[in-house]
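Numbering (our numbering), first residue to last: 264 to 524.
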Ligand code: CAA
């Protein structure tokens with residue numbers, strides 16, 4: 264990995280930070296960048312002791328300003344299908360990582376950039392962030408999952424309005440509608456995101472992974488089937504050392520020390 268690679272990954276103990284690194288093009292996603300992201304996620308999956316992943320964009324201006332418009336401008340229908348499938352499968356891999364993934368949105372998160380943030384477990388935004396799905400202004404529609412994930416995050420009515428008009432939301436409005444969990448001063452975004460990651464790391468890693476798995480698996484199921492999965496996963500915790508350590512530590516009035524942390 265060189266500093267000019269389109270995807271950079273750094274590690275701080277169990278926290279990995281994945282940076283989309285094409286600042287001259289506002290980190291727009293072309294095929295090479297998506298392949299780099301896919302490879303980076305594959306490498307993270309194999310990493311022992313991974314606890315949390317942060318996704319962000321290089322530079323001061325953009326998280327990701329979308330799929331690369333120059334690259335898309337000459338695509339055939341077949342090319343466009345392959346490109347959408349590459350973006351969708353890459354984002355699905357990110358969403359399926361067994362540890363929480365936090366988007367630290369440090370600027371424009373438009374089109375494929377908003378879709379990338381939506382594939383993360385939750386989003387922290389800087390005071391400079393701007394969100395939107397402007398694809399219809401280019402004569403296309405979102406192709407990396409936005410037509411489905413945006414409505415699941417903010418509700419169908421608002422998702423329809425954002426996708427049909429292409430209008431942008433600033434950070435405070437994104438917070439008000441539940442697209443982002445918190446807005447932080449631009450210069451503090453990474454520190455605040457690391458704080459959240461460290462709070463996750465203080466919890467039982469297997470419990471967090473199981474919660475993520477059940478929440479993802481249940482999202483597309485009827486409530487009765489989804490909560491059956493929850494009961495199953497809840498009960499499995501009682502065969503694991505984490506539950507004994509967590510509850511034992513609470514009762515002994517000491518901090519829990521979880522295996523692998
Ligand atoms: N693709 C390719 N290049 C892009 C880009 C993108 N999505 N967004 C920005 N860039 C490039 C610009 O072309 C420009 O390059 P040059 O310096 O070589 O001219 C550079 O990044 C800086 O951008 P601007 O000069 O436009 O910066 P600005 O501050 O004036 O505007 C902006 C910022 C409002 C984000 C504007 O760049 C913009 O509107 N970008 C496009 C946003 C967009 O439409 N995204 C959706 C793409 S479609 C998609 O994502 C489909 C999908 O779902 C899969």
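We put the CB at the ideal spot given by N, CA and C, even for glycine.
### Message
On the DSSP letters alone, give me the boundaries of the alpha helix (DSSP H) that residue 425 sits inside.
### Response
419-428
### Message
Taking 8 Å as the threshold (C-beta atoms), are residue 413 and residue 381 in contact?
### Response
yes
#### Entry: Of the listed residues 358, 327 and 394, nearest to residue 435 (C-alpha basis)
394
### Message
Using C-beta distances below 8 Å, list every residue in its chain close to residue 352, excluding the 5 sequence neighbours before and after it, in chain order.
### Response
Result list for residue 352: 301, in chain order.
### Message
Buried or exposed for residue 285, going by 16 or more other Cβ atoms inside 10 Å?
### Response
buried
### Query
Does DSSP put residue 389 in a helix, in a strand, or in coil?
If DSSP states are grouped into helix, strand and coil, residue 389 belongs with the strands.
### Query
Below 8 Å between beta carbons: does that hold for residue 327 and residue 386?
no
### Query
Which partner residues does residue 364 have in the DSSP bridge list?
In DSSP, residue 364 forms a bridge with 316.
### Query
For residue 288, which of helix, strand or coil comes out of DSSP?
helix
### Message
Once DSSP output is grouped into helix, strand and coil, what is the label at residue 321?
### Response
coil
#### Entry: Residues near residue 525 by beta carbon distance below 8 Å, same chain, minus five either side
No answer is possible for residue 525: it lies beyond the span of the chain, which begins at 264 and ends at 524.
### Task
Tell me whether the beta-carbon of residue 279 lies closer than 8 Å to the beta-carbon of residue 316.
yes
### Residues that DSSP places opposite residue 432 in a beta bridge
394
#### Entry: The alpha helix (DSSP H) enclosing residue 354, as first and last residue numbers
340-358
### Validate contact between the region 460-478 and the region 331-345 using beta carbons, cut 8 Å, 3 pairs
no
### Message
Please give me, in chain order, every unbroken run of the beta strand (DSSP E) with length at least 3 that falls completely inside the region 426-511.
### Response
Fully contained in the region 426-511 are the following beta strand (DSSP E) runs of length 3 or more, in chain order: 445-447.
### Query
Based on the DSSP output, what are the partners of residue 371 in its beta bridges?
Note: residue 371 sits in a beta bridge opposite 325 and 393.
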